[in-house]
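Protein chains: 2
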Amino acid sequence: MTVLNLKPILKNRTLRADVVEKLKDAIIRGDLPPGTKLVESQLSSLLGVSRGPLREAIRQLAEQGLIDNIPYTGTYVANITVQAIRELYSFRTELEQFAFKLVWEQRDDAFHDELTLQLEKLSLAIKSDAHIATIFEELELHNVVYKHCGHELLQDTWQRLRGRLHLYFTLHQKAHNRTGPYINAHDKYVELALGDDLPAMLDHITEHMQQGYQKVESLVSEIESQN
Amino acid sequence: MTVLNLKPILKNRTLRADVVEKLKDAIIRGDLPPGTKLVESQLSSLLGVSRGPLREAIRQLAEQGLIDNIPYTGTYVANITVQAIRELYSFRTELEQFAFKLVWEQRDDAFHDELTLQLEKLSLAIKSDAHIATIFEELELHNVVYKHCGHELLQDTWQRLRGRLHLYFTLHQKAHNRTGPYINAHDKYVELALGDDLPAMLDHITEHMQQGYQKVESLVSEIESQN
DNA sequence: AAATGTATAATTGTCAACAATCATACTGTT
DNA sequence: AACAGTATGATTGTTGACAATTATACATTT
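Each protein sequence line maps, in turn, to chains A and B.
The numbering of the first sequence is the working numbering, which starts it at 1 and goes up by one.
The numbering of the second sequence is the working numbering, which starts it at 228 and goes up by one.
In structure tokens:
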């Protein structure tokens, strides 16, 4: 052999998986706003793929809740509703409290280091006014906790939420040209996460999520005024 | 018009949806045991459908976690692991506690009636030794709570868990020829659910789930002994 | 005999044509 | 003019054929 073929390892090997990734990114980044109709023939030619794999990708994303499909009628980027945002934040609160209860007794050096590193990355992104990066790094910070729980079901559930959360952050950022978290919003979070007071951590999560909700609340009122 | 055409309302109108339903049922009822390889050509001819819709159905079920798909290799009914069962029960505890916190202040007559009715159905199924029906009715009982929360995200998450839970119950029943819940196991549950003591209800859920886990624990040890 | 390489068969991935359904614009009727 | 009915076009659903990949069995080499 001449060279190692790393493609199977580094790249998604099926067109379907590529399409899922690309579509998900496009939605999350706001390139395909909520409500956009996704016409199969257009999308398939745009992505250079036939309709077969595209349709399979659509099934996956529909199951993830990022798009809505109505048989014989069409596929649409999932609409944002006030209820959906509220539900996301209340559910996320429960999920993350559960995550901390699980992770608390098995926190180790790796957990400490990753959390600290991720906080630095987030701070840097905020300071640099790198809005898109800021959204990503904030989600990555919370992801550290879920990753260390050793609870696959919780992890999967979090991943499903993460996509929609990312979308809300992006839309909010686009609408107001300012990103979500303020500079010190996560300092106390990490401090408590590495401390000894679990009840205090759980309380802070409730508070943290409410603050997060406050920030996207302007998005909520805009949606409400559209009716 | 001669007669109302109710087909579009009562029936899934796409082959894909039919296949999803049929495959899900077959897995949940234990007709396709965990680990079974699902060969597309075989399944499609068995179901009288071409491979297109079948593959789309596979994407949906894979996203729901009922089957595992390895590109270019094959699709398998998801294997049961000890970890998966433990995770399911711990996660379910959190989920149902959240559900009761949500529903508590908005319980009404409909909630009361449905819960009572469902308890009767469950009791009848148990008394009649209707094992398959018993599994269904027990899940339906818990479903009443989720239905009344008005929280779609929670509801969706519960539905995803429900399939796997149903499968575990079925496998346990098949292995030991006895069904899960004992005759009075849900009496206290419903009594507390209709009462005034939320903390007591939450505590009972923890206990209830632990009892449920005890019942399928024999399934766990069997799986473990297979290694 | 064990390990390596190769050919074959089985299976999955992809595609393009065809059928079924829906939405729109148009026509005709009251 | 408003409404119902109809025809047309666009879009989704379905199918069978073809390409790419993998796994198995077999042959070859050490």
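Backbone N, C-alpha and C fix where the C-beta goes; we use that ideal spot for every residue, glycine too.
Is DSSP giving residue i helix, strand or coil here?
i, result
"Gln-93 of chain A", "Residue 93 of chain A is actually Thr in this sequence, not Gln. Reduced to three states, the DSSP call for Thr-93 of chain A is helix."
"Val-20 of chain A", "helix"
"Asp-68 of chain A", "strand"
"Leu-61 of chain A", "helix"
"Gly-195 of chain A", "coil"
"Val-330 of chain B", "helix"
"Val-276 of chain B", "coil"
"Leu-259 of chain B", "coil"
"Thr-229 of chain B", "With a pLDDT of only 27 at Thr-229 of chain B, under 50, the local geometry of the prediction cannot be trusted, and the value read off the model is given with reservation. Coil at Thr-229 of chain B, not helix or strand."
"Thr-14 of chain A", "coil"
What number of angstroms, rounded off, separates the C-alpha of residue i from the C-alpha of residue j?
i, j, result
"Leu-119 of chain A", "Phe-136 of chain A", "12 Å"
"Ala-402 of chain B", "Val-443 of chain B", "10 Å"
"Ile-205 of chain A", "Gln-173 of chain A", "23 Å"
"Phe-338 of chain B", "Val-82 of chain A", "25 Å"
"His-208 of chain A", "Lys-188 of chain A", "10 Å"
"Glu-94 of chain A", "Ile-80 of chain A", "21 Å"
"Asn-370 of chain B", "Ala-125 of chain A", "44 Å"
"Asn-69 of chain A", "Ala-62 of chain A", "7 Å"
"Gln-291 of chain B", "Ser-41 of chain A", "27 Å"
"Ala-17 of chain A", "Tyr-72 of chain A", "24 Å"
"Ile-312 of chain B", "Leu-394 of chain B", "11 Å"
So which residues of chain A does residue i contact, with C-beta pairs closer than 7 Å?
i, result
"Gln-287 of chain B", "Arg-59 and Glu-63"
"Phe-318 of chain B", "Leu-153 and Leu-154"
"Thr-384 of chain B", "Thr-157"
"Glu-321 of chain B", "Glu-94 and Phe-98"
"Ser-257 of chain B", "Before going on, a small fix: residue 257 of chain B reads as Gly here, not Ser. Simply none; closest approach about 21 Å."
"Gly-390 of chain B", "Going along chain A, no residue has its Cβ under 7 Å from Gly-390 of chain B, so there is no contact; the nearest lies around 13 Å."
Leaving out five residues before and five after residue i in sequence, what residues of the same chain have Cβ atoms less than 7 Å from its Cβ?
i, result
"Leu-242 of chain B", "Val-276 and Pro-280"
"Thr-263 of chain B", "Tyr-303 and Val-304"
"Leu-315 of chain B", "Leu-388, Arg-391 and Leu-392"
"Arg-29 of chain A", "Thr-170"
"Tyr-440 of chain B", "Tyr-316"
"Leu-368 of chain B", "Gln-345, Leu-346, Leu-349 and His-413"
"Arg-92 of chain A", "Leu-161 and Met-209"
Report the neighbours of residue i on chain B: residues whose CB is nearer than 9 Å to its CB, in chain order.
i, result
"Arg-13 of chain A", "Pro-298 and Tyr-299"
"Arg-178 of chain A", "Chain B residues near Arg-178 of chain A: none, gap ~27 Å exceeds 9 Å."
"Phe-100 of chain A", "Residues of chain B passing the Cβ test: none, with the nearest at roughly 12 Å."
Near residue i, what residues of its chain come up, given a Cβ to Cβ distance below 6 Å and the 5 sequence neighbours on each side ignored?
i, result
"Val-247 of chain B", "Ala-284 and Gln-287"
"Glu-323 of chain B", "Ile-432"
"Glu-379 of chain B", "none"
"Glu-222 of chain A", "none"
So which residues of chain B does residue i contact, with C-beta pairs closer than 7 Å?
i, result
"Arg-55 of chain A", "Glu-283"
"Gly-212 of chain A", "Residues of chain B passing the Cβ test: none, with the nearest at roughly 16 Å."
"Leu-88 of chain A", "Leu-380"
"Tyr-35 of chain A", "Per the sequence shown, the amino acid found at residue 35 of chain A is Gly instead of Tyr. Going along chain B, no residue has its Cβ under 7 Å from Gly-35 of chain A, so there is no contact; the nearest lies around 18 Å."
Please list, in chain order, all residues of the same chain as residue i whose beta carbon is under 8 Å from its beta carbon, the five residues on each side excluded.
i, result
"Cys-149 of chain A", "Ala-99, Leu-102, Val-103 and Gln-155"
"Leu-419 of chain B", "Ala-427, Met-428 and His-431"
Which residues of chain A have a Cβ atom closer than 8 Å to the Cβ of residue i, listed in chain order?
i, result
"Glu-444 of chain B", "Neighbours of Glu-444 of chain B on chain A: none; closest Cβ ~18 Å, over 8 Å."
Report yes if the C-beta of residue i is less than 6 Å from at least one heavy atom of the ligand PLP; otherwise report no.
i, result
"Asp-156 of chain A", "Here there are no bound small molecules, and the ligand PLP is not part of this structure."
- Where in the stretch 111 to 187 of chain A do unbroken runs of the alpha helix (DSSP H), each at least 4 residues long, occur, reported from the N-terminal end onward? 131 to 147 and 152 to 176
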